[in-house]
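Enquirer: Residue 53 in numbering that gives the first Met the number 0 sits at position 54 of the sequence shown, with consecutive numbering throughout. My structure is below; once you've seen it, I'll send some questions.
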Amino acid sequence: MLLPWMRHPIVQHSKLDGAILQWRNISDQIIQSSWYKTAQHPPKFQAAVFADHPGVPVQQDEMDDFDIINLTRAGLTEHDKIDTYAVHLYPQSTCDTARWYRLSMNLLPNHSVLWHNVSQYVPQVAAADKAGIPLVFGETNSASCSGRSGISDTFGAALWSVDYVLLAASIGMPKVYFHPGANAE
C-alpha cells in the first residue's frame, strides 16, 4: 500500500507507519515553533534511534520491522530535518541479575565477537547511506546500565574501544558516541 506521505511502495506495517507519522507530527511542531524559527543555527534531529538490532530476538519480546532499511524505504529521509540515524549497541549488560552474572572480560578482546556485533549493521549503514543520512552508534559502551567495575574500567576495555571505533568506521559509521552511564566510576 502506498500512503500519501510515502515515496516508495512497500507492504504496510501499522507499527512502522504509525511511528513515522508520529515522528513527523512531533518534528513538524518543533520546526514550526518560534524558538526554532528564530534560532541562528536551528538543530537537526537524530532520527530512528533503536536500542536493539531487529535480528537479535534475545534482546526483545518480538521481532519487528523497525530498522533503518524499512524506515528509509518508507520515506523517512527528510534531509532538512534529520542529521543522523542512530542505533545503540552494548555487547553485554548489567540491567538485570542474569545478565550481570554473565558479564565477562573475555568477551571484550575477542575480535570475532566484536565483528559479529558490529557487522550486523552493515545493511543498516548501506540503507542510511542510500538515503544520504549517516547512521551512527548513538549510544554504546562495554556494558549497558552503567557498566561493571573490573570490566568497563580496565585497560582491556580501553583497547576494545579502539578496536570497536575502528571497526565501526570500517563499515561506514562516521561516529560512535560512548555512554558512561549515571553510575559510572
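We put the beta carbon where it would ideally sit given N, CA and C, even for glycine. These numbers come from a predicted model, not from an experiment.
For L102, which three-state DSSP category applies?
Expert: The answer is coil: DSSP assigns L102 none of H, G, I, E or B.
Enquirer: Do three or more CB pairs link the region 125 to 136 to the region 61 to 80 at distances below 8 Å?
Expert: Segments in contact, yes.
Enquirer: Could you pull out every unbroken alpha helix (DSSP H) segment of at least 4 residues lying fully inside the region 69 to 146, listed in chain order?
Expert: With a minimum length of 4 residues, the continuous alpha helix (DSSP H) runs that stay inside the region 69 to 146 are 96 to 101, 110 to 118 and 121 to 130.
Enquirer: Using CA coordinates, which residue listed in P173, I29, A38 and F49 is at the minimum distance from G131?
Expert: Of the listed residues, the one whose Cα sits closest to G131 is P173.
Enquirer: Take every Cβ of the region 32 to 49, pair it with every Cβ of the region 102 to 116, and state whether three or more of those distances are shorter than 8 Å.
Expert: Taking 8 Å as the limit for Cβ pairs, the verdict is that the region 102 to 116 does not touch the region 32 to 49.
Enquirer: Hey, V117 and L166: beta-carbon distance below 7 Å or not?
Expert: Contact: yes.
Enquirer: Smallest Cα separation from I150: which of S92, Y84, H87 and Y35?
Expert: Here the closest residue by C-alpha is S92.
Enquirer: Just mark P56 as buried or exposed, buried being the case when its beta carbon has 16 or more other beta carbons within 10 Å.
Expert: For P56, the predicted model reports a pLDDT of 47, less than 50, meaning its position is unreliable; a value from the coordinates is still stated below. It is exposed - the Cβ of P56 has fewer than 16 other Cβ atoms within 10 Å.
Enquirer: Using the rule of at least 16 other Cβ atoms within 10 Å of the residue's Cβ for burial, across every protein chain shown, is F90 buried or exposed?
Expert: According to the sequence shown, residue 90 is Pro rather than Phe. That one is buried.
Enquirer: Give the secondary structure of Q31 by DSSP, where H, G and I count as helix, E and B as strand, and everything else as coil.
Expert: It is coil, neither helix nor strand.
Enquirer: What span of residues does the alpha helix (DSSP H) with F65 cover, start to end?
Expert: Note, F65: premise wrong, no alpha helix (DSSP H); not H, not E.
Enquirer: Just to confirm, are P108 and G137 a CB contact at a threshold of 7 Å?
Expert: No; because the gap between Cβ atoms is not below 7 Å, this pair is not in contact.
Enquirer: Using 8 Å for Cβ pairs, my map puts P133 next to T83. What's the rounded Cβ distance?
Expert: Going by Cβ atoms, the distance from P133 to T83 rounds to 5 Å, so yes, they are a contact pair.
Enquirer: What are the start and end residues of the alpha helix (DSSP H) that includes A157?
Expert: Where A157 is concerned, the enclosing alpha helix (DSSP H) stretches over F154 to S169.
Enquirer: Look at the Cβ atom of V135, then the Cβ atom of A85, and state whether they are nearer than 7 Å.
Expert: The answer is yes: Cβ separation under 7 Å.
Enquirer: With a Cβ-Cβ cutoff of 7 Å, do N140 and H110 count as a contact?
Expert: No; because the gap between Cβ atoms is not below 7 Å, this pair is not in contact.
Enquirer: Can you name the residues that DSSP bridges to V175?
Expert: V175 pairs with F136.
Enquirer: According to the neighbour-count rule (16 or more other Cβ atoms, all chains shown, within 10 Å of its Cβ), is H7 buried or exposed?
Expert: In this prediction, H7 has a pLDDT of 41, which is less than 50 and means its spatial position is unreliable; what the coordinates show is noted afterwards. Flag for H7 reads exposed.
Enquirer: Take the Cβ of T76 as the centre, count every other Cβ of all protein chains shown within 10 Å, and call the residue buried at 16 or more, exposed below.
Expert: The residue in question, T76, is buried, as its Cβ has 16 or more Cβ neighbours within 10 Å.
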